[in-house]
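Enquirer:
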Amino acid sequence: MNGFDPRYPNTRYEDKAFFFIYSSVDNVIMIKGRGYQRSGLPVAGGKFLIVDLMSAENRAPAPIVDEHCKPVDNTFRIEADQPIIVYQYLATKFGAEAWTAMPVEAWGNEYYAAAIPGEIGGDMSTVTEFEYIKKNKAFPAEILVISAYDDTKITIVPNGQVQNFCNPTSITLRAGEAYQIQSWVDTLTANVGGDQPDFGGSRIFSTKPIGVISGNTRAQIINENIGLGQNVFKNMQIEWIAPVEQHGTQFVYMPTWDGRRPTGSPQEDPAEKRKAEFVRIYGTHEGETQGFYMQGGVPVPYDKAIEPSKFNEVRHTPNLARVHNTDRPAQAMMNAAGVVKYAGTTNGFGGYIGSAYDGWGGYMVELTPREQWVSFAPYYSSPHPAGMEHFINVVVDTNHMHDVMTKGGSNFIFQRPIAGTDLIWGSMAVQPGIDNWLEGKNGAKFAGFVYGTLSKGGHEEYRPGSVRQKDDEPPTNAQRDVADDDGSVVMHPSEYEEYLAIAYAYPLAPSRMSPGPGDSLGIKTMQDCNGLTIEVESLNENPVGLRSIRLDRAENARIGTQTQNPVTGAIKATLKIVPINPRADASATVVIKDQTGKITRVNFVYYAERISAQPAIVDFGLIGVGATKTVDVTLTNPLGRAITVKNIRLIKSDSAITITSPTRFPITVPANGSTVIAVRANSTVTRQSIVDTLEVELECTTWKYVVKGSAGQQCVNVGDLDFGTLDSGETRTLPLRICNDGVGVIT
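One point on numbering: in the working numbering, the residue at position 169 of the sequence shown is 169, and numbering is uninterrupted.
1) In three-state DSSP terms, what is proline 543?
2) From the DSSP output, which residues share a beta bridge with proline 579?
3) Hey, would you say isoleucine 204 sits closer than 8 Å to tyrosine 111, going by beta carbons?
4) Just to confirm, is the Cβ distance from tryptophan 240 to asparagine 393 under 8 Å?
5) By the 10 Å Cβ neighbour count, where 16 or more other Cβ atoms means buried, how is isoleucine 226 classified, buried or exposed?
6) For the pair the segment 49-67 and the segment 400-412, tell me if three or more CB-CB distances fall below 8 Å.
7) Could you tell me which uninterrupted beta strand (DSSP E) segments, each at least 3 residues in length, are contained entirely in the segment 661-706, listed from first to last along the chain?
8) For glycine 201, I'd like the list of residues in its chain whose CB is within less than 6 Å of its CB, leaving aside the five on either flank, ordered along the chain.
9) Give me the Cα-Cα distance between isoleucine 643 and alanine 671, rounded to the nearest whole angstrom.
10) At a cut of 8 Å, does the segment 606-623 reach the segment 691-699 through at least three beta carbon pairs?
11) Compare the C-alpha of alanine 106 against each of Thr668, Ile133, Asp594, Leu726 and name the closest.
12) Specify the secondary structure class of glutamine 372 as computed by DSSP and reduced to three states.
13) I think glutamine 237 touches asparagine 335, with their Cβ atoms under 8 Å apart; what is that distance to the nearest whole Å?
14) By alpha-carbon positions, which one of Leu367, Gly291, Leu228 ends up nearest to alanine 114?
15) What is the DSSP secondary structure of valine 244, reduced to helix, strand or coil?
16) Alpha carbon to alpha carbon, how far is glycine 626 from lysine 576?
17) Could you name each continuous beta strand (DSSP E) segment of 3 residues or more that falls completely within the segment 203-260, going from the start of the chain to the end?
18) Does DSSP classify valine 718 as helix, strand or coil?
19) Let's test the definition: count the other Cβ atoms within 10 Å of the Cβ of asparagine 637 and tell me whether it reaches 16, buried, or not, exposed.
20) List in chain order: all unbroken alpha helix (DSSP H) runs of 4+ residues lying wholly within the segment 85-127.
21) Confirm, please, whether the CB-CB distance from isoleucine 651 to threonine 693 is below 8 Å.
22) Apart from the five residues just before and just after glutamate 497, which ones in its own chain have a Cβ nearer than 6 Å to its Cβ?
23) Count the other C-beta atoms from every protein chain shown that fall within 10 angstroms of the C-beta of phenylalanine 665, then say buried if there are 16 or more, exposed otherwise.
24) Quick one, which of Leu423, Leu721, Glu97 has its alpha-carbon nearest alanine 505's?
25) If you reduce the DSSP assignment to three classes, tell me which class asparagine 74 lands in.
26) Assuming contact is defined by CB atoms lying nearer than 8 Å, are valine 669 and leucine 635 in contact in what I supplied?
27) Using DSSP with H/G/I as helix, E/B as strand and the rest coil, what is phenylalanine 48?
28) Could you give the first and the last residue of the continuous beta strand (DSSP E) run that contains methionine 401?
29) Ordered along the chain, which non-local residues of its own chain (more than five positions away) have a Cβ less than 7 Å from that of aspartate 403?
30) Out of Asn325, Val323, Gly361, point me to the one whose CA is closest to lysine 341's CA.
31) Enumerate in chain order the residues of its own chain whose CB-to-CB distance from tyrosine 253 is below 7 Å, with the five nearest sequence positions on each side excluded.
32) Output yes or no for whether 8 Å exceeds the beta carbon distance between histidine 68 and glutamine 161.
33) If distances are taken between C-alpha atoms only, which option among Met405, Asn530, Ser514, Ala586 comes closest to alanine 554?
34) Comparing C-alpha positions only, which one of Lys234, Gly354, Val430, Leu423 sits nearest to threonine 406?
35) Which residues mark the beginning and the end of the beta strand (DSSP E) in which histidine 324 is found?
36) Looking at the unbroken beta strand (DSSP E) that takes in arginine 463, where does it start and where does it end?
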């Protein structure tokens, strides 16, 4: 960010940070960050959920990482019941950008940063009636690393000097932490226009999979050496970058097809048009990368070979598409330059004039390698802020130019063949605030990106203050808010005003898979009482490794243990699928995906053991001293398969209660069959109660039943009756007292 005239704060744009979350099926989302948690967010199938992290109702206290050279925890973790696609969009008064978030299971251990040299902006202020002050301010490049796992060690090998000279080597991050470095920018006036440190191609590697975002805080790309503060022409240039295993060998550059594109018409003003866009091809694999691009049907070789951690930058006039080809996997980014237009003079006081400039910002976007093209991609453009125009560029092979369909069911219009290739591209306007998607039929695969710019652009202007009416030159001792005897007017301080020319772009979600046929997997399974153990091993000589293991259509099932965490990139893994409730049936499909997207499925079926007892409570009632009593308990198997009773016992092993049959184990209870347990109570001691637990141990579960009774001697005492002497015919009734002095009930 930069300073500006406080009388004219940039309030045109309200700062916003969004997640655009798409799900192809009905889904439930959880988002958690520092001081921020939202659970149970429903997403309807085929729709976007728009999450505003800076809304008044649910505002994240720290949605942006603004500290560098130290681990910080203000990241967000998004979890969903089913797979999702996430785009991120940031729009602030100091810049806007968008990028396509990468799912954790697609993260890797090696990256190469995409960035351009840092630039110089200015803190703007006015101190006199006749001038504005610009204090140079660094607009650096940056690299941000995100960790999803504890004890993740990262190292960044920067290609340029780091701000604060911090050493980004062997930094340990915990799950949910991020680490950012920024490039040093030489802001000395004498060096303005000189070369700045360039982070482009910086290598990042780690011990566990990480996510990496890189780019520039603000950049104009082409410094036309005109303008005032020149801040308004410098927009963010940010992209979420892919690990090396997802790089490719063919990339299609498609120009920004908005109102700033040069058409070649003799009536157009070149000052209003975008002068160039730049493609950087980054060397990311061992050896030298050779390449060329097709332009107008003619191959143009790169002027140099690209070594690892280096790049080749090609300047393109944004009037036609080009296809870049490399002889080994590489990474490609496009940077659209800002546009600067002189907008005339501004009226000052007393005849003095200032100047004004309009501008349109640039952006950075990944050129998706052809190996990562997809057959389906949702997209969305935000209505915030007002005044933006939005577009989508898409490329496909000519054989499938009629097979890419829009959400409305019509064909996407491809009308611009790329000469000398089998490709054709097209562009169309995008209505903001509407859920959209493209789908390829008949095997069609495509790539593209969504972008937007301010239709009227940004603006900066300077307005001088007032002067003495009779002077030709500014007064040397002018004072504000006073009038001289010679009739000078009231002095007015000069004014400076700026509104940033924001823009953004993000690639349609690529497949994020490694190219290749995929691994052959050796899979061993073993079912036991607790669940299903699965051992997975890649059998290839040079395996690509695993990507993810998840459960599909899970009913009462979960992954209980997993030896490899994270599983991403592993060539071996052991996991156990267990029922959530062991007494209920469980099932799931275990989906094992490798880095190429190849899927292997393993079925998990768990039939819970169930048994019923009749009676459910073994109640002996009253047992006389020295007496015995037997209760038969019928165990019934309600399942359609046999079950095994491994043992039956009384937990307390009370000598008063015994199991008389069966006596030998294990025993088998057939499907829908039953067996009888004879439990006998033998009371030799007078006491109030007998309590125990009958435990029936099956193969995988244990069932328990209450055993109870009371023991003791029954004793009846009958009272005496004395009727005395009765006369003849006389009757007399006396109560007879019968007492139960023992235990139990007497009938």
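C-beta: ideal position from N, C-alpha, C; glycine also.
Expert: Checking against the coordinates, here is how it stands:
1) coil
2) Ala557
3) yes
4) no
5) exposed
6) no
7) 667-669, 674-682, 687-698
8) Tyr112, Asn159, Tyr282, Ser309, Lys310, Phe311
9) 7 Å
10) yes
11) Asp594
12) helix
13) 6 Å
14) Leu367
15) helix
16) 54 Å
17) 203-219, 235-240, 248-253
18) strand
19) buried
20) none
21) yes
22) Tyr8, Glu461
23) exposed
24) Glu97
25) coil
26) yes
27) strand
28) Where methionine 401 is concerned, there is no enclosing beta strand (DSSP E), given that its DSSP letter is neither H nor E.
29) Gly440, Lys441, Asn442, Ala444
30) Gly361
31) Val279, His316, Ala321, Arg322, His324, Met334, Leu367
32) no
33) Ala586
34) Val430
35) 322-336
36) 458-463
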